[in-house]
Each structure stands twice: as structure tokens, then as C-alpha cells.
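Residue numbers (the numbering used here): 1380 to 1595.
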């Protein structure tokens, strides 16, 4: 398998298994290092600003613990009718979100922030994808909620899972809806000199939850 070794260690500042899987698709070697950011305390004037600011805060939280490496952080939000739909807190909120999305087109925005240590080089990007749901029946909403997929995802659904049957049309990057716009991220890493083509020894994914990882 061809891999793309990083010039420095890559650290994914997210516990999301979906983002980790997307990085695996790129053939990148990386370490998972969860950031601790209270998202409810972060505000911004526009959805684009909010998505990027949240990603930057997450990257900063991990960068403070790392002396050398390339930190990747991301945050995905769903936007409709001037409202930000994050991860639903409970069954009732998830039900309300899916009802709101039914038969309509919404925006999925992912902010991506990259910090390279020790140079403190930074890059940021916001990707927007428009997703159209077909009209959902009450039975379909209940079926999806019983699957348990809704509760750890922005907007209360995962396009890569059972909610794929709800999607009528998508305009933009599919991977952005999953949680990480791969084409945009790749460009950012190349521009920062963070990756180079070559033959690697395969993937080596380690976990360090709660960003309790010693500085290197």
C-alpha cells in the first residue's frame, strides 16, 4: 500500500472515528489526540466564522501540548433558516432536527484548521456543501432515531450511514458532510510542507484521549 509519510508527526485533534477513517483513506500516518473545547462557549456572527473558529480553538488546545508536529482540527455544523444545528442533546432534539431538514435543502459547513509546530504556521479553510433531503415520513424519522446514529452527529444524521436513504441531492464535497473535506485538507498539508509522496510502512494509528499526550 502506498502511503504518504509526513515530514513531521501528524496529530488529529478529534475523537471522531469518521475523521480518522477519512485520514486513513489518504494513506496518512497520524496520532489521535482529542481536544477539550466547550463548543457552547464559542460564538460568531456567521456559520462560516463559527465553523472555522471552533476548528481553530480545537487545534490551539492540542498545539499547546505539542512542541513539534502538524495538528489537524475540524468542526462540522449544519445550517438552515439562520439556525445552527449541532449534535442533538436528546431524542426530542434529534427528532426536531430531522423534521426540520425533511424535504428541504440545508448547508453543511466544516471548518478545518492546521497548525505546524514549532513554527506556528497556520492554515484555515471552510468548506460548504448543500444537501437536499427528500420528504421524510414520521415512521422513517422514528426508524432512524432508533438506530442510534443521530446522537453524535451535527444535524442529527450521518450521510455515510442509514441516513443516506434520506439524501435526494448533494451539491459539493461529500466528504465534507462526513466531517472532513479531503481535497481541501490535502492542499493545505501540501502547501505547508507537511506531507510528501513516498513509500511508507503502512498506517500507525495510536490514540491518546483527552489530549493527555506528553510533549515531544
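We treat Cβ as the ideally placed atom computed from N, Cα and C, and that holds for glycine.
The structure presented is a predicted model; accordingly, all values stated were derived computationally and were not measured.
Own chain residues within Cβ distance below 6 Å of residue i, not counting five before or after
i            : result
residue 1550 : 1509
residue 1526 : 1541
residue 1539 : 1557
residue 1455 : 1489, 1533, 1558
Anticipated Cβ contact below 8 Å, residue i with residue j, distance rounded
i            : j            : result
residue 1552 : residue 1486 : About 12 Å; that fails the 8 Å criterion.
residue 1391 : residue 1402 : 6 Å
residue 1481 : residue 1515 : 4 Å
Nonlocal neighbours in the same chain, by C-beta distance under 8 Å from residue i, ignoring five residues either side
i            : result
residue 1648 : Absent from the structure is residue 1648, since the part of the chain shown begins at 1380 and ends at 1595.
residue 1416 : 1433, 1436, 1437, 1440
residue 1483 : 1459, 1511, 1512
residue 1561 : 1401, 1404, 1405, 1552, 1554
Residue nearest to residue i in terms of C-alpha spacing, selected from the options
i            : options                : result
residue 1537 : 1465, 1504, 1436       : 1465
residue 1410 : 1562, 1447, 1419, 1421 : 1447
residue 1513 : 1504, 1406, 1544       : 1544
residue 1570 : 1426, 1559, 1495       : 1495
residue 1423 : 1461, 1566, 1521       : 1461
residue 1493 : 1390, 1400, 1450, 1406 : 1450
residue 1442 : 1481, 1500, 1431       : 1500
residue 1504 : 1491, 1555, 1454       : 1491
residue 1518 : 1477, 1567, 1497       : 1477
residue 1426 : 1463, 1469, 1419, 1475 : 1463
residue 1322 : 1562, 1475, 1555       : Shown here, the chain extends from 1380 to 1595; a query on residue 1322 therefore has no answer.
residue 1497 : 1457, 1420, 1445       : 1445
residue 1453 : 1555, 1574, 1566       : 1555
Neighbourhood of residue i by C-beta, 7 Å cutoff - its chain only, sequence neighbours within 5 removed
i            : result
residue 1532 : 1466
residue 1548 : 1511
residue 1479 : 1459
residue 1563 : 1491, 1504, 1506
residue 1586 : Residue placement at residue 1586 is flagged as unreliable, the pLDDT there being 35, under the threshold of 50; the coordinate-derived value follows with that caveat. Hits under 7 Å: 1411.
**Report entry** Length at least 4, wholly inside the stretch 1505-1557: the alpha helix (DSSP H) runs in chain order
**Finding:** 1517-1526, 1553-1557
Report task. May I ask you to verify whether the stretch 1429-1442 touches the stretch 1395-1407, counting CB pairs closer than 8 Å and requiring at least 3? Result -> no
Query raised in the report: Taking only runs of the beta strand (DSSP E) that begin and end inside the stretch 1395-1420, which ones reach a length of at least 3 residues, in chain order?
Result: 1410-1412
Query - Inside the stretch 1428-1515 only - beta strand (DSSP E) runs reaching at least 3 residues - result: 1448-1459, 1462-1464, 1484-1496, 1500-1512
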